[in-house]
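J.: First the structure, then my questions, so here it is.
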Amino acid sequence: MYGYKKPNAIKYEVQGGNQHTFQDALIFSDSSCDVFYTGLGEYELWVTEAEAKQQKVPTCCEFIFEYFALGKTIYNIYETSCPEP
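Position 27 of the sequence shown, counted from 1, bears residue number 597 in the working numbering, the numbering being contiguous throughout.
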């Protein structure tokens, strides 16, 4: 992906009627969050379950995400009402 030779991406599949595979490049990671660059030119901020339950994004994660996403619309898609798997 993007000419990288290092394994620094995540690959996942959406299952259902039309099976799609996505691969996003990891641009930042620490013990509480990951920031990914998507194939659509967008950025995603993923936080750990513990951080999500507290509804508190660590400052360093938020800073890095907002820096890369500068000028883009940011959508919060976390739902506290989602059932446990």
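Think of the CB as a built atom: it goes at the ideal place given N, C-alpha and C, for glycine as much as any other residue.
With DSSP as the reference, label Ile-634 as helix, strand or coil.
T.: helix
J.: Go ahead and label Tyr-613 buried or exposed: buried means 16 or more other beta carbons lie within 10 angstroms of its beta carbon, across all protein chains shown.
T.: buried
J.: Tell me Glu-614's beta-bridge partners as DSSP assigns them.
T.: Beta-bridge pairing by DSSP links Glu-614 to Phe-606.
J.: Would Asp-594 be called buried (16 or more neighbouring beta carbons within 10 Å of its own) or exposed?
T.: Counting Cβ neighbours within 10 Å, Asp-594 comes out buried, since at least 16 surround it.
J.: What are the start and end residues of the alpha helix (DSSP H) that includes Ala-595?
T.: Taken as a continuous stretch (DSSP letters only), Ala-595 belongs to no alpha helix (DSSP H), being part of the beta strand (DSSP E) at 590 to 599.
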